[in-house]
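Following my numbering, the numbering of the sequence shown begins with 781 at its first residue and continues without gaps. Okay, structure first, notes after.
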Amino acid sequence: TLREGQDVEFEKTDGQKGPQASNVIPK
781 TLREGQDVEF
791 EKTDGQKGPQ
801 ASNVIPK
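Structure representation (structure tokens):
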């Protein structure tokens, strides 16, 4: 789980239900 306001790195991908984040990496 991520804390609110935490910096993360992620890749945007187009999923079946629209854009979504993948490969989310908490810093």
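Ideal Cβ positions, reconstructed from N, Cα and C, are used throughout, including at glycine. It should be emphasised that the depicted structure is a prediction, and the values quoted were computed from it without experimental measurement.
Separation of residue j from residue i, as counted between CA atoms
i	j	result
THR793	ILE805	15 Å
ALA801	GLY795	9 Å
VAL788	LYS807	5 Å
Beta carbon of residue i nearer than 8 Å to that of residue j
i	j	result
ASN803	GLU784	no
Three-way DSSP call (helix, strand, coil) for residue i in this model
i	result
GLN800	strand
ASP794	strand
GLU789	strand
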